[in-house]
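Numbering (the working numbering), first residue to last: 12 to 282.
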Ligand code: PTJ
């Protein structure tokens with residue numbers, strides 16, 4: 012892995028990128044996954060790299076749905092395994108009975124095995140989807156390949172970093188779909204019953220915490236969620252931040268680049 016200085020202000024982001032690049036060279040992450048990550052990073056910038064109050068509400072609602080589900084399943088692709096295998100294991104520990112299924116857009120038997128192995132090493136139990144046994148009807152891509160003991164039976168599906176076609180197909184099958192996607196304009200976010208517009212790892216950590224807080228599960232009860240309002244709130248947060256960045260008044264120089272009081276401006280020299 013490339014050597015990175017911990018003092019670099021973007022150390023975390025650079026480390027994550029380096030991990031994804033390494034795992035892409037190993038084949039676990041699809042090359043397209045690197046592009047998807049870059050797109051996600053851009054949207055996270057717009058959010059201020061934090062969970063907004065609206066996303067926190069969505070995560071609380073998702074915790075209730077997953078807790079009350081009879082057959083909850085989380086779908087894992089290459090990016091999700093690379094970024095958050097430990098968080099998926101933690102979520103499964105917080106919600107006993109949560110099934111974890113590998114589902115790949117750029118599917119090869121080798122990649123499916125690599126994803127399952129990474130999840131298992133992180134502590135996930137009973138990973139499904141390596142040898143698919145069923146198809147989601149009306150979906151031409153390999154994302155249709157599922158396990159008949161998993162996504163095919165699920166009543167609530169958690170689908171991080173997905174595509175809009177599969178989201179629609181799962182909904183047509185009568186399933187409740189919770190998406191995690193930083194892009195509030197994506198078809199996935201716009202199609203899901205419960206879109207969480209937040210970063211994957213932040214979401215999974217918070218989700219496990221919220222599930223652990225629920226004292227009285229009510230199986231089969233799914234309080235309504237206002238998805239269009241959640242998407243509007245996410246878009247507004249991003250728009251506000253694009254117009255006025257905290258600490259950097261619009262049109263002005265960043266606060267950190269202003270001269271401290273009492274210091275004199277140095278004469279300008281060309282380098
Ligand atoms: O491993 P595979 O073969 O299943 O392929 C996985 C990718 C991610 C390549 C595939 O699902 C894909 O092409 O996804 P898309 O259509 O690019 O959509 C990914 C969405 O996830 C985009 O809207 C990104 O903004 C969003 N995203 C990327 N990284 C994150 C994210 N959302 C939340 N957290 C992230 N870390």
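C-beta: ideal position from N, C-alpha, C; glycine also.
query                                                                                                                            : result
Host alpha helix (DSSP H) of residue 132 (start-end)                                                                             : 120-133
Which of helix, strand or coil DSSP assigns to residue 225                                                                       : coil
Chain-order list of residues whose beta-carbon lies under 7 Å from that of residue 47 (same chain, five-residue window excluded) : 90 and 172
Reduced DSSP secondary structure (H/G/I, E/B, other) of residue 247                                                              : helix
Contact check, residue 212 vs residue 60, beta carbons under 8 Å                                                                 : no
Buried versus exposed, by CB contacts within 10 Å (16 or more), residue 17                                                       : exposed
Separation of residue 19 from residue 282, as counted between CA atoms                                                           : At residue 282, the pLDDT of 37 sits below 50, so the modelled position is not reliable and the matter cannot be decided from this model.
Rounded Cβ spacing between residue 206 and residue 241 (contact assumed at less than 8 Å)                                        : 6 Å
Range covered by the beta strand (DSSP E) that runs through residue 86                                                           : 83-87
DSSP three-state assignment for residue 41, whether helix, strand or coil                                                        : coil
Whole-angstrom C-beta distance between residue 182 and residue 199, which should lie under 8 Å                                   : Wrong, their Cβ atoms sit about 11 Å apart, outside the cutoff.
Rounded Cβ spacing between residue 86 and residue 170 (contact assumed at less than 8 Å)                                         : 5 Å
Rounded Cβ spacing between residue 55 and residue 229 (contact assumed at less than 8 Å)                                         : About 33 Å separates the two Cβ atoms, so there is no contact after all.
Whether residue 193 touches residue 74 by CB criterion (8 Å)                                                                     : no
Whole-angstrom distance between residue 80 and residue 135, CA atom to CA atom                                                   : 19 Å
CB of residue 143 within 8 Å of CB of residue 106, strictly                                                                      : no
Beta carbon shell of the ligand PTJ at less than 6 Å from a heavy atom                                                           : 41, 43, 44, 47, 48, 50, 51, 54, 88, 89, 90, 94, 115, 116, 117, 172, 174, 191, 192, 193, 194, 197, 210 and 211
Residue 70, buried or exposed, once every other Cβ within 10 Å from all chains shown has been counted against 16                 : buried
C-alpha gap between residue 49 and residue 115, whole angstroms                                                                  : 19 Å
C-alpha distance - residue 100 paired with residue 139, whole-angstrom precision                                                 : 14 Å
Unbroken beta strand (DSSP E) run spanning residue 112, endpoints                                                                : 110-113
Element boundaries [beta strand (DSSP E), containing residue 188]                                                                : 187-191
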